[in-house]
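Protein chains in written order, with the working numbering: chain F, 1 to 189; chain W, 1 to 314; chain V, 1 to 100. Think of the CB as a built atom: it goes at the ideal place given N, C-alpha and C, for glycine as much as any other residue.
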């Protein structure tokens, strides 16, 4: 790796860690959420530096999308407005700080003590194609596991979050037309 | 395997930006010209009352910026500035005839990631000014985005699957014999709807609707307003460019050089979007949400299935 | 830049996330802490992939981490919604029914 990418890495690493820490420091819900998004985008660019172009761009895509939605949830559920009424929303702060710092020390010492082996093999030329062929070929089991898990997640999350079922919409005998919905949809169900 | 396009050096970036800006100015001028023509009296439009782009830009540049009480100015400015930046980042991977700024192997995914970044930009532009109407505009945009984004993603997947590459240059080259719009019209329409969506334009302009006093534009004034409005036209232009590259064969065409065909096709899509804006009603976000999930997602998935079957059988 | 340097950055990111996940009271903020920890995991996998074993298996593992983040987010939002509806609250302390 050249000097340029080393400098880029350290800048991005700094952005990722600093914005990650700012998430728990800033007083605004929107700022906290978008600090996390900035941290993710920095890591995504590091992924591109490591020649994982596809996964880097997909990480940035997913995380910006997720943080845009996260901001809505923050505003919706955060029971108070920290900008108007600053108050502490933390518990067990000293324990948490101690544990985190302790873990950081342990991990750092571990990282420095382990004799890391040198690289085996050469980087793949076209990682994106190789990844696609791998999950549709030898690693298909991964895909076959991930997809039902994601589908089950969609169903489970909807079941948990939906306050109303079909009896609320269509009445006890399921005959009410049109159904009572808080918002009429666009296809006239 | 560069897909027939030559990457340009980074020094050409301002030129690409100017080309994009030119497209946006043409779109804005067409929009303003259509606005000043009263319906059915095209021959008697009075030039003195015509709203021109230059006049609007000059007026906004002179206007004082207003900042509402307790606005989150930092986030607001980021959201406003991100709109034109996103358009430029899209244009960076777009093949302009035989040249492109960055010939990235994951260009299609990059385009998608940047159009998702517009979610954040519009919401921040709505959140920043600390105004109810602007915030409602931001929420409307997210609701709409959830409805148009998945169809847009599947529409983007179709040309990539057909071309067997995520490189935009490769997708353009795969259309030498037959334009993709011919055998994936549904994906093309869903893509154009997505372009209107992330440009907050036409039928999907409810986040900036007049019923909520301009929505995300409600508090923007002066230079801020100019940047948001310009950003919308820039995004529309970049999106039209991608429609031309992904579905209309890019620079392919007889007689004229590739860049001219690319410009012509982009302007054609752009003009069609601007003209159609007057023919189509603004969709209500709550209604459009259900249409997006129950109609557009299955239809684009079916389109993708057809494309995949054709690719396998070919 | 070497593998230990990147892994120390990973450790820092992970520990900031851990601090958040342990100390925050609001469910959505706890989720942000978890996300930050997963962010660190992504960086760690990418670093090991680049510096030690540039094979495709690691990239598949990255894909799995991304899927895990999706699941975490979807279920987290669903649980936050349920909690808010049933308790009018989004604090983890209010949902400690099973605590001994």
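Rounded to the nearest angstrom, what separates residue i and residue j at their Cα positions?
{"i": "residue 114 of chain F", "j": "residue 1 of chain V", "result": "17 Å"}
{"i": "residue 32 of chain V", "j": "residue 232 of chain W", "result": "31 Å"}
{"i": "residue 13 of chain F", "j": "residue 125 of chain W", "result": "28 Å"}
{"i": "residue 13 of chain V", "j": "residue 78 of chain W", "result": "25 Å"}
{"i": "residue 302 of chain W", "j": "residue 32 of chain W", "result": "38 Å"}
{"i": "residue 287 of chain W", "j": "residue 208 of chain W", "result": "17 Å"}
{"i": "residue 35 of chain F", "j": "residue 96 of chain F", "result": "21 Å"}
{"i": "residue 186 of chain F", "j": "residue 24 of chain W", "result": "32 Å"}
{"i": "residue 131 of chain F", "j": "residue 267 of chain W", "result": "37 Å"}
{"i": "residue 55 of chain W", "j": "residue 63 of chain W", "result": "12 Å"}
{"i": "residue 95 of chain W", "j": "residue 169 of chain W", "result": "6 Å"}
{"i": "residue 142 of chain F", "j": "residue 15 of chain W", "result": "45 Å"}
{"i": "residue 9 of chain W", "j": "residue 21 of chain V", "result": "45 Å"}
{"i": "residue 133 of chain W", "j": "residue 11 of chain V", "result": "43 Å"}
{"i": "residue 59 of chain W", "j": "residue 225 of chain W", "result": "11 Å"}
{"i": "residue 304 of chain W", "j": "residue 100 of chain F", "result": "47 Å"}
{"i": "residue 294 of chain W", "j": "residue 163 of chain W", "result": "28 Å"}
{"i": "residue 3 of chain W", "j": "residue 55 of chain F", "result": "Only weak support exists for where residue 3 of chain W lies, its pLDDT of 47 falling under 50; the value from the coordinates is given anyway. Rounded to whole angstroms, residue 3 of chain W to residue 55 of chain F spans 22 Å at the Cα level."}
{"i": "residue 45 of chain F", "j": "residue 119 of chain F", "result": "22 Å"}
{"i": "residue 292 of chain W", "j": "residue 278 of chain W", "result": "22 Å"}
{"i": "residue 57 of chain W", "j": "residue 40 of chain V", "result": "46 Å"}
{"i": "residue 3 of chain V", "j": "residue 123 of chain F", "result": "16 Å"}
{"i": "residue 180 of chain W", "j": "residue 247 of chain W", "result": "5 Å"}
{"i": "residue 166 of chain F", "j": "residue 160 of chain F", "result": "15 Å"}
{"i": "residue 5 of chain W", "j": "residue 104 of chain F", "result": "48 Å"}
As a quick exercise: from the options, pick the residue whose alpha carbon is nearest that of residue i.
{"i": "residue 194 of chain W", "options": "W/297, W/6 and W/210", "result": "W/297"}
{"i": "residue 58 of chain F", "options": "V/6, V/64 and V/57", "result": "V/64"}
{"i": "residue 49 of chain F", "options": "F/27, F/28 and F/9", "result": "F/9"}
{"i": "residue 30 of chain V", "options": "F/134, F/42 and F/23", "result": "F/23"}
{"i": "residue 146 of chain F", "options": "V/78, V/81 and V/67", "result": "V/67"}
{"i": "residue 101 of chain V", "options": "V/27, V/22, V/17 and V/7", "result": "Beyond the ends of chain V as shown, which are 1 and 100, falls residue 101 of chain V; an answer cannot be given."}
{"i": "residue 84 of chain V", "options": "F/92, F/74 and F/3", "result": "F/74"}
{"i": "residue 275 of chain W", "options": "W/16, W/27, W/161 and W/9", "result": "W/27"}
{"i": "residue 228 of chain W", "options": "W/212, W/85 and W/90", "result": "W/85"}
{"i": "residue 167 of chain W", "options": "F/53, F/108 and F/19", "result": "F/53"}
{"i": "residue 93 of chain F", "options": "F/189, F/25, F/181 and F/180", "result": "F/25"}
{"i": "residue 173 of chain W", "options": "W/99, W/9 and W/115", "result": "W/99"}
{"i": "residue 40 of chain F", "options": "F/65, F/118 and F/3", "result": "F/65"}
{"i": "residue 158 of chain W", "options": "W/87, W/116 and W/185", "result": "W/185"}
{"i": "residue 119 of chain W", "options": "F/71, F/160 and F/21", "result": "F/71"}
{"i": "residue 158 of chain F", "options": "V/24, V/87 and V/82", "result": "V/82"}
{"i": "residue 142 of chain W", "options": "W/223, W/20, W/53 and W/215", "result": "W/215"}
{"i": "residue 111 of chain W", "options": "W/258, W/241, W/53 and W/269", "result": "W/241"}
{"i": "residue 19 of chain V", "options": "F/42, F/102 and F/77", "result": "F/102"}
{"i": "residue 53 of chain W", "options": "W/83, W/21 and W/76", "result": "W/21"}
{"i": "residue 261 of chain W", "options": "W/108, W/115 and W/251", "result": "W/251"}
{"i": "residue 16 of chain V", "options": "F/21, F/16 and F/15", "result": "F/21"}
{"i": "residue 149 of chain F", "options": "V/78, V/80, V/87 and V/70", "result": "V/70"}
Name the one or two DSSP bridge partners that residue i has.
{"i": "residue 200 of chain F", "result": "With chain F running from 1 to 189 in the structure shown, residue 200 of chain F is simply not present."}
{"i": "residue 99 of chain W", "result": "W/6 and W/96"}
In chain F, which residues lie less than 7 Å from residue i when you measure between Cβ atoms?
{"i": "residue 117 of chain W", "result": "64"}
{"i": "residue 23 of chain V", "result": "90, 91, 92, 93 and 96"}
{"i": "residue 41 of chain V", "result": "The premise fails here: residue 41 of chain V is roughly 10 Å from chain F at the closest Cβ pair, so nothing lies under 7 Å."}
For residue i, return the contacting residues in chain F, with the cut-off set at a CB-CB distance below 8 Å.
{"i": "residue 34 of chain V", "result": "Simply none; closest approach about 11 Å."}
{"i": "residue 85 of chain V", "result": "163"}
{"i": "residue 5 of chain W", "result": "Going along chain F, no residue has its Cβ under 8 Å from residue 5 of chain W, so there is no contact; the nearest lies around 17 Å."}
{"i": "residue 60 of chain V", "result": "131, 134, 135, 139 and 142"}
{"i": "residue 30 of chain V", "result": "In chain order: nothing, as chain F lies at least about 11 Å away."}
Report the neighbours of residue i on chain W: residues whose CB is nearer than 8 Å to its CB, in chain order.
{"i": "residue 2 of chain F", "result": "In chain order: nothing, as chain W lies at least about 16 Å away."}
{"i": "residue 61 of chain F", "result": "109, 112, 113 and 116"}
How would you list, in chain order, the residues of chain V whose beta-carbon sits under 8 Å from the beta-carbon of residue i?
{"i": "residue 117 of chain F", "result": "52"}
{"i": "residue 123 of chain F", "result": "50 and 54"}
{"i": "residue 149 of chain F", "result": "67 and 71"}
Name the chain F residues whose beta carbon is nearer than 9 Å to that of residue i?
{"i": "residue 44 of chain V", "result": "Going along chain F, no residue has its Cβ under 9 Å from residue 44 of chain V, so there is no contact; the nearest lies around 10 Å."}
{"i": "residue 310 of chain W", "result": "Simply none; closest approach about 18 Å."}
{"i": "residue 219 of chain W", "result": "The contacting residues do not exist; residue 219 of chain W stays about 16 Å from chain F at best."}
Which residues in chain V have a C-beta closer than 7 Å to the C-beta of residue i? List them in chain order.
{"i": "residue 112 of chain F", "result": "4"}
{"i": "residue 174 of chain F", "result": "Under the 7 Å cutoff, chain V gives no residues; its nearest Cβ is about 24 Å from residue 174 of chain F."}
Counting pairs of beta carbons, one from the stretch 192–199 of chain W and one from the stretch 236–244 of chain W, are three or more of them closer than 8 Å? Because the criterion of three Cβ pairs below 8 Å is met, the stretch 192–199 of chain W and the stretch 236–244 of chain W touch.
Pairing CB atoms from the stretch 63–83 of chain W with CB atoms from the stretch 211–228 of chain W, are three or more of them under 8 Å? Under the 8 Å Cβ criterion, the stretch 63–83 of chain W counts as touching the stretch 211–228 of chain W, having at least three qualifying pairs.
Check whether the stretch 136–152 of chain W touches the stretch 175–195 of chain W, taking contact to mean three or more Cβ pairs, one atom from each stretch, closer than 8 Å. Segment contact: the stretch 136–152 of chain W against the stretch 175–195 of chain W, three or more CB-CB distances shorter than 8 Å; contact assigned.
Report yes or no: do three or more beta-carbon pairs, one from the stretch 122–140 of chain F and one from the stretch 46–66 of chain V, lie closer than 8 Å? With the cut-off at 8 Å, the stretch 122–140 of chain F and the stretch 46–66 of chain V touch.
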